[in-house]
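Asker:
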Amino acid sequence: SAVISQKPSRDICQRGTSLTIQCQVDSQVTMMFWYRQQPGQSLTLIATANQGSEATYESGFVIDKFPISRPNLTFSTLTVSNMSPEDSSIYLCSVPPRQNNNEQFFGPGTRLTVL
Amino acid sequence: AQSVSQHNHHVILSEAASLELGCNYSYGGTVNLFWYVQYPGQHLQLLLKYFSGDPLVKGIKGFEAEFIKSKFSFNLRKPSVQWSDTAEYFCAAMIYNQGGKLIFGQGTELSVKP
C-alpha cells in the first residue's frame, strides 16, 4: 500500500482567499486523484492529475477554480481559489498502488472551513 | 451516466444484530466494486473489493459482500455488528478503462447501540 500525506490537515480561511493543498506519496505513481467530500455528503472526484500533462477535470469543476500541479511522480498540489463558504469540505488525494491500477488508497484529507 | 446508489442513509442497530447495506450501480460493462469505511474523525479505509472471480468477497473485520451481476448490486453484510462498527460506509465503482476514477455512493451512516 502507498503512504500518502497531506498538508495542511485543516485550515480556516477567509472568503476570497486561496489555499494550496499538498499531497505527497512515498512511491512514484502515474496518476493521482483529487476528491472533495462536502459536509454530510459522499466523495466527488474533482480531477485526475497525470504527471507531465494537464489535469483532467470532472463535470462541474474547472481549472480556474481548482488549479492542479503535478511536478513529479510523488507530489501534487490542489489550489482552491477565490474561496467561498460553499468550498468548505474535506479535500482528499488518492493514488492507485504501484503494481495494481484497480485500487485506490486515500490520504488523510484536508479539512477546509471558509468563513 | 454511471452512478452508484446506496439505499440506506442512516442505519441504527443493536450490537450482535446482522447488517446488510444495499448498493447498486448503473453500468452495463465491466466494473470493479469497493466498500470503504470511514470511522469518526479518520480517513477512508478499504473494507473489501471485487474485481473478478468468486462473487462473494470477504474483507476485513468480518465484513463480506456479494456481487450479483444480474441485479447490478454489491451489498455489504456482517452477521453480527459491534459498537466499534459505528462509521460511515461508502460503496464505490471503478469503471473499466476510465483511468481508475471512483464513483461513490451517497454513503450510509451506521450507528450501533451498545
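As they're listed, the protein sequences go chains A and B.
When we follow the working numbering, the leftmost residue of the first sequence carries the number 6, and every step to the right adds one.
When we follow the working numbering, the leftmost residue of the second sequence carries the number 1016, and every step to the right adds one.
We put the CB at the ideal spot given by N, CA and C, even for glycine.
Applying a beta-carbon distance threshold of less than 8 angstroms, which residues of chain B neighbour A/S47?
Answerer: Going along chain B in sequence order, the residues near A/S47 (Cβ under 8 angstroms) are F1105, F1119, G1120, Q1121 and G1122.
Asker: Rounding to the nearest angstrom, what Cα-Cα distance links A/Q46 and B/D1069 in this structure?
Answerer: Between A/Q46 and B/D1069, the C-alpha separation is close to 31 angstroms.
Asker: Beta carbons nearer than 9 angstroms to chain A: which residues of the stretch 1057-1068 of chain B have them?
Answerer: Correct list: Q1057, H1058, L1059, Q1060, L1061, K1064 and F1066.
Asker: Would you decide whether A/Y40 is buried or exposed? Buried here means 16 or more other CB atoms lie within 10 Å of its CB.
Answerer: Counting Cβ neighbours within 10 Å, A/Y40 comes out buried, since at least 16 surround it.
Asker: For chain B, is any of its Cβ atoms less than 7 angstroms away from the one on A/F111?
Answerer: Chain B, which has a Cβ nearer than 7 angstroms to the Cβ of A/F111, makes this yes.
Asker: Along the chain, where does the beta strand (DSSP E) containing A/A54 start, and where does it finish?
Answerer: Here the beta strand (DSSP E) through A/A54 covers L48 to N55.
Asker: CB B/V1019 to CB B/I1110, shorter than 7 angstroms?
Answerer: Going by C-beta atoms, B/V1019 is not nearer than 7 angstroms to B/I1110.
Asker: Can you confirm whether B/K1116, when its beta carbon is compared against all beta carbons of chain A, has any partner nearer than 7 angstroms?
Answerer: Yes, contact with chain A.
Asker: Going by Cα to Cα distance, which pick from B/K1116, B/Y1065, B/A1107 and B/G1115 is closest to B/V1052?
Answerer: Closest by alpha carbon: B/A1107.
Asker: Count the other CB atoms within 10 Å of the CB of A/Y96; is the residue buried (16 or more) or exposed (fewer)?
Answerer: Under this definition A/Y96 is a buried residue.
Asker: Using only CA atoms, which one of A/L117, A/T82 and A/P13 lies nearest to A/Q56?
Answerer: A/Q56 has its Cα closest to that of A/T82, out of A/L117, A/T82 and A/P13.
Asker: Among the residues of its own chain, which have a CB less than 6 angstroms from the CB of B/E1124, if the five just before and after it don't count?
Answerer: Contacts found: H1025 and E1103.
Asker: With DSSP as the reference, please indicate the residues paired to B/S1018 in a beta bridge.
Answerer: DSSP output for B/S1018 lists B/S1041 as bridge partner(s).
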